[in-house]
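According to my numbering, the stretch in the sequence shown is residues 383 to 1010, in order.
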Amino acid sequence: MRFFKSLQQDAKLFLYIYILLMVFRIAFLLIYSGQLGSAGTGDIVEALWLGARISLKTTAFLVAFPFVFGTIPYAIWGRWPAGCIRAMLGSVAVGLMTLLFVIRIPYYEIFHQGFNIMLFNGMKDDKAAIWDTAVKQYQFWPRLLGAVLLMALFIWLLQKILRTPVWQPRRHARIWTGLAIVFVPVFAIFCRFGGAFHSDSGVPWESAARTRYVVLNEAILDDGQALYRAYSTHKRATEKALRPISGDELDAAVARLGGNPDADSIESAFARRTTAAPLARRPHHVVVILGENYALWPLLPEYRALGLAKTGEWLETNGAHSYHFLPNGNGTMTSLNGFLTGLPDVGLYVNYTMGKHGHLDGLGIGATMKKMGYKTVFWYGGLRSWQDIEHFTLREGFDEFHCADELPEQGESSSWGVPDGVLFDGIREQMKGDAQDTFYFILTTSNHPPFAYNVDAEGFPRDEVAAKLPPSIPTDKATMDQLGHIWYADKVMGDFIRQEQKDDPSTLFVVTGDHAERFNFASDVSLWALSGIPCYFYGDGVRQDLLDEQMAGSHLQIAPTLAELIQPTGRLYTSLLPPLMKSDRAFNHRLYIEDGEIGEQKNLTDDAFRQDIEAARTVASWVVMHDK
């Protein structure tokens, strides 16, 4: 009888948490209703139905603790404090889910997803900068106060519900208890598979996204499931990257990518000879600009009229460009790791592990430029403490590292670094004194939350841009401030390129973005708008037809392209992937480009391409694990 009574209290807790998760799901959709676009009632109902099923798993997991530690011991020993244990654990569960919901709102604003693998990447980021961003950009203190008040309200309501009486059968008590004992495992299985009794009919988080609308797909996963997605994705990526790779498997992967499996090192296995006609004269300066969140979407036809990427438009007209281009990762460090190592992202923090034993990875852009006789200089608009960036760049082929704290004029600095204009001015002064051929890799910071820089003082045409915004993009101050930072970063980069070209007409420029998956203004955005980045080559002798319309590539292919442009025909260089002139496909951690179309790798039907991607990741994993 005690078991039956206590189980009823667990049932109250289950229903309460379950309803609360549904309320949070509906609230999320109301908050982001502007992103529903053309989604109909049927789409919304489908998302809510799938969400209701998958939340059975989350709720059952949370209620399992008071059941195991409260109800079961109480059924054996009547003096066991099951009620207190249930009230405590239930309050913790309600408080935790409320807090996660409040956190999810700004998280979605940044990453266009609920909790994902970037949650783990961020654990290694600049904690002070993240804190400052949370306070300034995302109203940390008001949100925290709101979370505390909501937690208090929901916990108070839970306690009142748990204090209500339960039903006590006057007859057949043992039968009811027996039925309850049978019911519990059956119901547990039903919850385990998301409203089904078999995995084939269930709703796992991997396949929960069944609509064509991002916001609806993210609403399907409650915050508990999203948190598990982040953990599971990170765990899988790490385990896959660290799995043992046999010699035969490595040889097969090398051969698959066109390398020499009989070579004595990975670098020599991927030795290539230049075949393209080089530039008429060797550049005295080569400059690669990796722009923070320098995305493709402002250059797409539906947004181009806003004029946020005038420099991009100018480079498009006066140099070579590709808009079929992917970053190496969905964060700054994963993309930078690709440049510095020449390896695709395999889910490992190689900036903390590679190069510490004195081995220089010859596939990276720093090593490639050094072999061509260039002094290599890395400039970062932030601070050297971020992601071990100073030590990593120096280990991976750069002669010098410089950052914001060396600039005499800091300007209106943010938590992530100095304004890009200040950064470019400092670099230009250094370049004037270069006696030898020098390669500059520049990582900017301005287009990053918190968007607190006074872009209006720089001439941002706020009213003009607001008047041209499509209905899908709001005109609130926060959105306009962010658009202003896109405009500013593009503008000062263009000023730098033009000024440096006057100082040294031979300079060769490469411009691209570190990532793009921060576009959250509009509804029904394409993958091009969400994830695409541009790539430009500009300088003396760079023809517009250098990159044709069928070309597709990624960050990893910029270094070999520079080798082809600068070195005489027939010279050796090393690269895992071919130069951009010989590439019509691209991939990164999640996406692919083929035949001019972009898609998610889980939907890739070209088996040969899929095997190529896996081969590249196999080689990358082997290199990372054997960097000793």
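We put the beta carbon where it would ideally sit given N, CA and C, even for glycine. Predicted, not measured: the structure shown is a model, and the values here were computed from it.
Q) Taking Cβ to Cβ, would you say E674 is nearer than 8 Å to T826? A) Locating residue 674 in the sequence shown gives position 292, where the first residue counts as 1. Locating residue 826 in the sequence shown gives position 444, where the first residue counts as 1. Yes, Cβ-Cβ distance for E674 and T826 is below 8 Å.
inquiry  = On a Cα-Cα basis, can you pick out the residue from K859, R777, F447 that is closest to T735?
reply    = The residue you call residue 735 lines up with position 353 of the sequence shown. Here the closest residue by C-alpha is R777.
Taking DSSP's pairing of strands, which residues face D966 in a bridge?
Numbered from 1 along the sequence shown, position 584 holds the residue referred to as residue 966. Partner(s): A934.
_Could you tell me the alpha carbon to alpha carbon distance between D630 and A637, rounded to whole angstroms?_
Position 248 of the sequence shown, counted from the start, is the residue given in the question as residue 630. Position 255 of the sequence shown, counted from the start, is the residue given in the question as residue 637. Cα to Cα, the separation comes out at about 11 Å.
> Can the beta-carbon of P852 be found less than 8 Å from the beta-carbon of E982?
Replying inline: On the sequence shown, residue 852 is found 470 positions in, with the first residue counted as 1. On the sequence shown, residue 982 is found 600 positions in, with the first residue counted as 1. E982 sits away from P852, with the two beta carbons spaced by 8 Å or more.
Next item on the list: Could you tell me if W679 is buried or exposed, where buried requires 16 or more neighbouring beta carbons within 10 angstroms of its beta carbon?
Entry: If you number the sequence shown from 1, residue 679 lands on position 297. Buried is the call here.
Does the beta-carbon distance from W761 to H784 come in below 8 Å? Indexing the sequence shown from 1 puts residue 761 at position 379. Indexing the sequence shown from 1 puts residue 784 at position 402. The criterion of a C-beta distance shorter than 8 Å is satisfied by W761 and H784.
**Message:** Taking its Cβ as the centre, do 16 or more other Cβ atoms sit within 10 Å of P831, making it buried, or is it exposed?
**Reply:** Within the sequence shown, the letter at position 449 stands for residue 831. So P831 ends up on the buried side.
From this set, L944, S913, D896, L890, which residue's C-alpha is nearest G923's C-alpha? Walking along the sequence shown from the start, residue 923 turns up at place 541. Of the candidates L944, S913, D896, L890, L890 places its Cα closest to the Cα of G923.
Any idea what DSSP makes of T593, helix, strand or coil? Taking the sequence shown and counting its residues from 1, one reaches residue 593 at position 211. Three-state result, T593: coil.
| In terms of alpha-carbon separation, which member of I868, R844, F386 lies closest to D858? | The residue given as residue 858 occupies position 476 in the sequence shown. That would be R844, whose Cα lies nearest to the Cα of D858.
Could you give the C-beta distance for I648 and I436, rounded to a whole number, given that I count them as a contact under 8 Å? Translated into the one-based positions of the sequence shown, residue 648 becomes position 266. Translated into the one-based positions of the sequence shown, residue 436 becomes position 54. With a Cβ gap of about 43 Å, I648 and I436 do not count as contacting.
Quick one: using the 10 Å Cβ neighbour count with 16 as the cut-off for buried, is A898 buried or exposed?
On the sequence shown, residue 898 is found 516 positions in, with the first residue counted as 1. With 16 or more other Cβ atoms within 10 Å, it is buried.
* Inspect the beta-carbon positions of L482 and A590 and report whether they are closer than 8 Å. => Here residue 482 refers to the residue found at position 100 of the sequence shown. Here residue 590 refers to the residue found at position 208 of the sequence shown. No.
Am I right that I980 and G935 are in contact with their C-beta atoms under 8 Å? What's the rounded C-beta distance?
As a working note, residue 980 is residue 598 in the sequence shown. As a working note, residue 935 is residue 553 in the sequence shown. Contact between I980 and G935 is ruled out by a C-beta separation of about 13 Å, above the 8 Å threshold.
For G895 and P916, I'd like the C-alpha separation in whole angstroms. Walking along the sequence shown from the start, residue 895 turns up at place 513. Walking along the sequence shown from the start, residue 916 turns up at place 534. When the Cα atoms are used, G895 and P916 turn out to be separated by approximately 7 Å.
request  = Enumerate in chain order the residues of its own chain whose CB-to-CB distance from A442 is below 6 Å, with the five nearest sequence positions on each side excluded.
outcome  = Indexing the sequence shown from 1 puts residue 442 at position 60. Excluding residues within five positions, the ones whose Cβ falls inside 6 Å are C573.
- Query: Are at least three pairs of beta-carbons, each pair with one atom in the stretch 816 to 824 and one in the stretch 656 to 669, less than 8 Å apart?
  - Reply: Two segments are said to touch when three or more pairs of C-beta atoms, one from each, lie closer than 8 Å; by this definition the stretch 816 to 824 touches the stretch 656 to 669.
* Asked: Who are the Cβ neighbours of L395 in its own chain at under 6 Å, not counting the five residues just before and after it?
  -> Position 13 of the sequence shown, counted from the start, is the residue given in the question as residue 395. Only residues of its own chain outside the window of five on either side were considered, and among them V445, G472 have a CB closer than 6 Å to the CB of L395, listed in chain order.
* Asked: When we look at the beta-carbon of V732 and count the other beta-carbons within 10 Å, is it buried (16 or more) or exposed?
  -> As a working mapping, residue 732 is identified with position 350 in the sequence shown. The residue is buried, with at least 16 neighbouring Cβ atoms inside 10 Å.
Notebook entry, point to check: What three-state label does DSSP hand V670 in the structure shown?
Noted result: Counting from one through the sequence shown, the residue named residue 670 turns up at place 288. V670: strand per DSSP, three-state reduction.
I need the straight-line Cα distance from A817 to L688, nearest angstrom please. In the sequence shown, the residue the question calls residue 817 occupies position 435. In the sequence shown, the residue the question calls residue 688 occupies position 306. About 41 Å.
Alpha carbon to alpha carbon, what distance is there between Y456 and A393?
Mapped onto the sequence shown, residue 393 falls at position 11. Mapped onto the sequence shown, residue 456 falls at position 74. Whole-angstrom Cα-Cα distance: 16 Å.
**Asked** Taking C-beta to C-beta, are Y595 and L418 nearer than 8 Å?
**Response** Walking along the sequence shown from the start, residue 595 turns up at place 213. Walking along the sequence shown from the start, residue 418 turns up at place 36. With contacts defined by Cβ atoms closer than 8 Å, Y595 and L418 form a contacting pair.
Problem - Classification of E811 by the beta-carbon crowding that lies within 10 angstroms, buried from 16 upward - result: Residue mapping note: residue 811 aligns to position 429 of the sequence shown, counting from 1. Residue environment analysis places E811 among the exposed positions, since fewer than 16 neighbouring C-beta atoms fall within 10 angstroms of its C-beta.
query: Could you give the C-beta distance for V548 and K387, rounded to a whole number, given that I count them as a contact under 8 Å?
result: What you label residue 548 is simply residue 166 of the sequence shown in a count that begins at 1. What you label residue 387 is simply residue 5 of the sequence shown in a count that begins at 1. About 5 Å separates the Cβ atoms of V548 and K387, confirming a contact at the 8 Å cut-off.
Problem set entry | W549 in three-state terms, based on DSSP | Taking the first residue of the sequence shown as 1, we reach residue 549 at position 167. Annotated three-state conformation of W549 is coil, per DSSP.
Of the listed residues I563, N700, M470, nearest to R925 (C-alpha basis): Position 543 of the sequence shown, counted from the first residue, corresponds to residue 925. The shortest C-alpha separation from R925 is found at N700.
When DSSP labels each residue in this structure, what does R844 get in the three-state scheme? The residue you call residue 844 lines up with position 462 of the sequence shown. Here R844 sits in helix by DSSP.
Bridge-paired residues (DSSP) for L544: As a first step, residue 544 must be located in the sequence shown, where it is residue number 162. Looking at the DSSP assignment, L544 forms no beta bridge with any residue, so it has no partner.
Beta strand (DSSP E) segment containing K757, residue limits: Within the sequence shown, numbered from 1, the residue matching residue 757 stands at position 375. DSSP places K757 in the uninterrupted beta strand (DSSP E) bounded by 757 to 762.
Which partner residues of A662 appear in the DSSP bridge assignment?
If you number the sequence shown from 1, residue 662 lands on position 280. According to DSSP, residue pairing for A662 in a beta bridge does not occur.
Legend entry - Whole-angstrom C-beta distance between L958 and V1001, which should lie under 8 Å: Within the sequence shown, numbered from 1, the residue matching residue 1001 stands at position 619. Within the sequence shown, numbered from 1, the residue matching residue 958 stands at position 576. About 7 Å; that satisfies the 8 Å criterion.
If you compare alpha carbons, which of D770, G808, M715, N829 is closest to A786? One-based indexing of the sequence shown puts residue 786 at position 404. It is G808.
Self-check item: Terminal residues of the alpha helix (DSSP H) in which S913 lies
Solution: By one-based count along the sequence shown, residue 913 stands at place 531. Its alpha helix (DSSP H) spans residues 909 to 913.
Taking the alpha-carbon positions, what's the H703 to L681 distance?
On the sequence shown, residue 703 is found 321 positions in, with the first residue counted as 1. On the sequence shown, residue 681 is found 299 positions in, with the first residue counted as 1. Taking the straight line joining both Cα atoms gives about 12 Å.
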